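*Asks:*
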Amino acid sequence: MIHSSVQTEAEHYLIIQDDRGRKEMVLTEEIYTIGRSPSCDIFLKSQFVSRYHATLLRRVKADQSVYYHIIDGDGKGQLSANGLLINHQKVLAHDLAPEDEIFFGHKVSATYYYRQRNEFITTPGNDPFDITLIDPMMMGDEDDSDATLMPTLRSPHQNPPL
């Protein structure tokens, strides 16, 4: 018998829109710096964005699920020049929820998403009599693609073989 288990795979990501266009970034790290500086982990191309506009922090809830927390500025007390807008509200910090819109400046934004996939993992069991049966009619013959399998029919008037 085959045993199966469900493994849940969670993925946090941002859809970013800036002067270079639109891109998707999967979030896997614990800390991200976001801004116009090329040294930022998430580089935003726009003159309207601060060099170190925001900091993104991965946090763990009591139930062991992961979420991201965003704060205005460099994460060391220096705030951005334009501030941070989440869903059109000015904030200093915010726990991100799916589909939150983050506005950094004129025509520069990101939308946070969380998607969860279930993967079914199957492992062979210990049953030595467990076999998989394949119907020969399901198998195609690559070399003889025009041939069709026809059952052998016998006329009712024929004598059975001895």
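Just so we're aligned, residue 54 is where the sequence shown starts under this note's numbering, counting upward by one.
Backbone N, C-alpha and C define an ideal beta-carbon position, used for all residues, glycine too.
Bear in mind the structure is a predicted one, so any value in this text is a computation, not a measurement.
1) Out of Lys-76, Cys-93, Phe-156 and His-122, state which residue places its alpha-carbon closest to the alpha-carbon of Lys-143.
2) Below 8 Å on the Cβ atoms is my guess for Ile-87 versus Leu-110; work out the distance and round it to an integer in Å.
3) Smallest Cα separation from Tyr-120: which of Asp-148, Gly-136 and Ala-163?
4) Please report the straight-line C-alpha distance between Gln-70 and His-159, rounded to a whole angstrom.
5) Taking the beta carbon of Leu-137 as the centre, do at least 16 other beta carbons fall within 10 Å, making it buried, or is it exposed?
6) Sort Met-190, Gly-130, Ser-162 and His-65 by Cα distance to Arg-112 and report the nearest one.
7) So within the segment 62–121, which uninterrupted beta strand (DSSP E) runs reach at least 3 residues, ignoring any that extend past its ends?
8) What span of residues does the beta strand (DSSP E) with Gln-131 cover, start to end?
9) Starting from Leu-138, trace the beta strand (DSSP E) in both directions and tell me its first and last residue.
10) Using only CA atoms, which one of Gln-117, His-141, Asp-72 and Val-102 lies nearest to Gly-126?
11) Rank His-106, Gln-131 and Gln-117 by C-alpha distance to the C-alpha of Arg-89 and give the top, closest one.
12) For Gln-100 and Ser-133, I'd like the C-alpha separation in whole angstroms.
*Replies:* This is what the structure holds:
1) Counting from 1 along the sequence shown, the entry for residue 143 is found at position 90. The residue from Lys-76, Cys-93, Phe-156 and His-122 with its alpha-carbon nearest to that of Lys-143 is Phe-156.
2) Residue mapping note: residue 87 aligns to position 34 of the sequence shown, counting from 1. Residue mapping note: residue 110 aligns to position 57 of the sequence shown, counting from 1. No, Ile-87 and Leu-110 are not in contact; Cβ-Cβ is about 11 Å, not under 8 Å.
3) For the purposes of this step, residue 120 is taken as residue 67 along the sequence shown, with counting starting at 1. Minimum Cα distance to Tyr-120 is reached at Asp-148.
4) As a first step, residue 70 must be located in the sequence shown, where it is residue number 17. As a first step, residue 159 must be located in the sequence shown, where it is residue number 106. Near 10 Å, if we compare the C-alpha coordinates of His-159 and Gln-70.
5) By one-based count along the sequence shown, residue 137 stands at place 84. Buried is the call here.
6) One-based indexing of the sequence shown puts residue 112 at position 59. Of the listed residues, the one whose Cα sits closest to Arg-112 is His-65.
7) Taking 3 residues as the shortest admissible run, the segment 62–121 contains the following complete beta strand (DSSP E) segments, listed from N- to C-terminal end: 74–80, 84–88 and 107–113.
8) Reading the sequence shown from its first residue, position 78 is the one you call residue 131. Counting along the chain, Gln-131 sits inside no beta strand (DSSP E), nor does DSSP assign it H or E at all.
9) Translated into the one-based positions of the sequence shown, residue 138 becomes position 85. Boundaries of the beta strand (DSSP E) harbouring Leu-138: 137–139, taken from the DSSP string.
10) The sequence position of residue 126 within the sequence shown is 73, counting from 1. Looking at Gln-117, His-141, Asp-72 and Val-102, the one whose alpha-carbon comes closest to that of Gly-126 is Val-102.
11) Taking the sequence shown and counting its residues from 1, one reaches residue 89 at position 36. In terms of Cα proximity to Arg-89, the closest of His-106, Gln-131 and Gln-117 is His-106.
12) Numbered from 1 along the sequence shown, position 47 holds the residue referred to as residue 100. Numbered from 1 along the sequence shown, position 80 holds the residue referred to as residue 133. Cα to Cα, the separation comes out at about 13 Å.
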